[in-house]
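Visitor: This is the structure I want to talk about, given as structure tokens.
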Amino acid sequence: MTEIRKRVLLAKPRGYCAGVDRAVQTVEEALKLYGPPIYVRKQIVHNKHVVSTLEARGAIFVEENEEVPEGAIVIFSAHGVAPEVYEQAKARSLKAIDATCPLVTKVHQEAKRFAADDYDILLIGHEGHEEVIGTAGEAPAHVQLVDGPDDADKVTVRDPSKVVWLSQTTLSVDETMETVARLKQRLPLLQSPPSDDICYATQNRQHVVKQIAPDCDVVIVVGSRNSSNSVRLVEVALDAGARAGHLVDYAHEIADEWLEGATTVGVTSGASVPDELVMQVLEHLAARGFGDVAEVTTADERLTFSLPQELKREMKAAAAARSKEAAALVADQLG
Ligand code: SF4
């Protein structure tokens, strides 16, 4: 009897995007520069493992600025904040470091610009998500949330010729287009964002999953339940033809029943997931006969973002102070 060949299709791109990498590095560098504790408002990125690793190094995650002692350092997460959050920080004399992803900031700028031109803004996104709260907070009087295609019928606008849609960066591309199509049935003059709001990382991770899903008996997405882009990857995999899809934070959460009868397992991870967790999933699968791994690559990502200016400035000043001290020490020894 011939043995059935079991294999893993490993998606690439997967895992860390440029915005997450920058946000995590911001906390790490702040811990090195100022020493613990460093306060972080909300989870810096939506990943259980990243948050607990940073906690172990001295980061303290809080929900609101009021929980941060007056005058302390606070880092704002990659998802962005409303302007009132900066005001609150100022009122408490907090030293704020803004780790908002520049691609989220871009959507904030669009919201501000369209609000200044007195547009109605239809913000497609998930109710209660931090990013949506932050973006809507830029222009609360102009923004209406549209949470999926069914919400499109509830929208009311002042002038149907002056209305634009913007979106959360981590949505399903297909579902968003469905929502836009529904909105356009009622608002034919609806304008689109000047450039894609759903970010490159979200789009790339969904695109590669769509490629592998039809060949997969099961797709395992590494990511946390509160990670919008990770949850979307499971949905995209199922829509694209995977016979099953599961979200796990860690390899040990993979149930043996999921693999029963499977010959091809797809593996990917959300934009806030360190690759070490994916490697642990591969080891787990290899131990169950899925040792043959083929990586399927659909894009080459090279984008990086530099650290927040306010942090870079202080890192530079600290480095300059250290070299001055070292020079003074050498001069002392020589003299
Ligand atoms: S998923 Fe996109 S918007 Fe969010 S942090 Fe990453 S690059 Fe930025």
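Heads up: the sequence shown begins at 1 in UniProt numbering, then just goes up one per residue. For glycine and all other residues, C-beta sits at the position ideal for the given N, C-alpha and C. Source: prediction; values computed, not measured.
1. Straight-line CA distance for G266 to R41?
2. Taking 6 Å as the limit, name every residue whose beta carbon sits nearer than that to some heavy atom of the ligand SF4, in sequence order.
3. Buried or exposed: which applies to I4, given that a residue is buried once 16 or more other Cβ atoms fall within 10 Å of its Cβ?
4. Candidates P194, P160 and D150: which alpha carbon is nearest L166's?
5. According to the neighbour-count rule (16 or more other Cβ atoms, all chains shown, within 10 Å of its Cβ), is Q43 buried or exposed?
6. Based on the DSSP secondary-structure assignment, which residues constitute the bridge partners of I121?
7. Shortest alpha-carbon distance to T263 belongs to which of G270, L54, R288 and S306?
8. Taking the alpha-carbon positions, what's the Q144 to E131 distance?
9. Straight-line CA distance for D120 to A327?
10. Mind checking L259: buried by the 16 CB within 10 Å criterion, or exposed?
11. Grouping DSSP H, G and I as helix and E and B as strand, with all else coil, what is D21?
12. Starting from L247, follow the beta strand (DSSP E) in both directions and report where the run begins and ends.
13. Straight-line CA distance for K112 to T135?
14. In chain order, what residues of the same chain lie with their CB nearer than 7 Å to the CB of L238, ignoring the 5 residues before and after it?
15. Among R205, M279, A319 and L103, which has the Cα closest to the Cα of A299?
16. Pick helix, strand or coil for E178, following the three-state DSSP scheme.
17. Can you find the residues in the same chain that come closer than 6 Å, C-beta to C-beta, to V45, ignoring five residues on each side of it along the sequence?
18. With 16 other CB atoms within 10 Å as the buried threshold, where does S52 fall?
19. If you compare alpha carbons, which of H284, A240 and C216 is closest to V248?
20. Does the segment 310 to 328 come into contact with the segment 224 to 231, if we say contact requires no fewer than three beta-carbon pairs (one atom in each stretch) closer than 8 Å?
21. Please determine whether the Cβ atom of F290 lies at a distance below 7 Å from any heavy atom of the ligand HEM.
22. With distances taken between CB atoms, is the gap from I220 to L9 smaller than 8 Å?
23. Classify P188: buried if its beta carbon has 16 or more other beta carbons within 10 angstroms, exposed otherwise.
24. Quick check on the DSSP output: what are the complete alpha helix (DSSP H) runs of length 4 or more inside the segment 205 to 254, in order along the chain?
25. Can you check which of these residues, R158, I73, T100 and E314, is closest to A141 by C-alpha distance?
26. In the DSSP assignment, find the beta strand (DSSP E) that holds I73 and state where it starts and stops.
27. One question on the structure: do L183 and V155 come within less than 8 Å of each other, judged by their Cβ atoms?
28. Excluding the 5 residues preceding and the 5 following I60 in the sequence, name in chain order all residues of the same chain whose CB lies nearer than 6 Å to its CB.
Guide: By the coordinates alone:
1. Translated into the one-based positions of the sequence shown, residue 266 becomes position 266. Translated into the one-based positions of the sequence shown, residue 41 becomes position 41. Cα-Cα distance, rounded: 34 Å.
2. C17, A18, G19, V20, A78, C101, L103, V104, T169, T170, C199, A201, T202, N229 and A271
3. Taking the sequence shown and counting its residues from 1, the one referred to as residue 4 is at position 4. Flag for I4 reads exposed.
4. Position 166 of the sequence shown, counted from the start, is the residue given in the question as residue 166. Cα-wise, what sits closest to L166 is P194.
5. One-based indexing of the sequence shown puts residue 43 at position 43. The residue in question, Q43, is buried, as its Cβ has 16 or more Cβ neighbours within 10 Å.
6. Translated into the one-based positions of the sequence shown, residue 121 becomes position 121. DSSP lists V143 and V164 as partners of I121.
7. Along the sequence shown, read from residue 1 onward, the residue named residue 263 stands at position 263. The residue with the shortest Cα to Cα distance from T263 is R288.
8. Taking the first residue of the sequence shown as position 1, residue 144 is located at position 144. Taking the first residue of the sequence shown as position 1, residue 131 is located at position 131. Taking the CA atoms as reference points, Q144 sits about 14 Å from E131.
9. Position 120 of the sequence shown holds residue 120. Position 327 of the sequence shown holds residue 327. If you take the alpha carbons of D120 and A327, they lie about 59 Å apart.
10. Sequence index remark: in the sequence shown, residue 259 carries index 259 (1-based). Its Cβ being crowded by 16 or more others within 10 Å, L259 is buried.
11. Numbered from its first residue, the sequence shown carries residue 21 at position 21. D21: helix per DSSP, three-state reduction.
12. Here residue 247 refers to the residue found at position 247 when the sequence shown is read from its first residue. The continuous beta strand (DSSP E) containing L247 extends over residues G245 to V248.
13. Along the sequence shown, one-based indexing puts residue 112 at 112. Along the sequence shown, one-based indexing puts residue 135 at 135. Looking at the two C-alpha atoms, the distance is approximately 9 Å.
14. Working through the sequence shown from its first residue, we reach residue 238 at position 238. Hits under 7 Å: G245.
15. Taking the first residue of the sequence shown as 1, we reach residue 299 at position 299. Among R205, M279, A319 and L103, the Cα nearest to that of A299 is on R205.
16. For the purposes of this step, residue 178 is taken as residue 178 along the sequence shown, with counting starting at 1. If DSSP states are grouped into helix, strand and coil, E178 belongs with the helices.
17. Position 45 of the sequence shown, counted from the first residue, corresponds to residue 45. Contacts found: V20, A23, A78 and S272.
18. As a first step, residue 52 must be located in the sequence shown, where it is residue number 52. In the assembly as shown, S52 is an exposed residue. Its beta-carbon has fewer than 16 other beta-carbons within 10 Å.
19. Taking the first residue of the sequence shown as 1, we reach residue 248 at position 248. For the residues H284, A240 and C216, the minimum Cα distance to V248 belongs to H284.
20. no
21. Ligands displayed in this structure: the ligand SF4; the ligand HEM is not among them.
22. Walking along the sequence shown from the start, residue 220 turns up at place 220. Walking along the sequence shown from the start, residue 9 turns up at place 9. The answer is no: Cβ separation not under 8 Å.
23. Walking along the sequence shown from the start, residue 188 turns up at place 188. Exposed, by the Cβ-count rule.
24. For the segment 205 to 254, whole alpha helix (DSSP H) runs of length 4 or above, ordered along the chain, are 228 to 239.
25. For this step, residue 141 is matched to residue 141 along the sequence shown. Of the listed residues, the one whose Cα sits closest to A141 is R158.
26. Indexing the sequence shown from 1 puts residue 73 at position 73. I73 to F76 is the span of the beta strand (DSSP E), which, as asked, contains I73.
27. Along the sequence shown, one-based indexing puts residue 183 at 183. Along the sequence shown, one-based indexing puts residue 155 at 155. Taking a C-beta distance under 8 Å as the contact criterion, L183 and V155 qualify as a contact pair.
28. Your numbering for residue 60 matches position 60 in the sequence shown. Correct list, in chain order: P37 and Y39.
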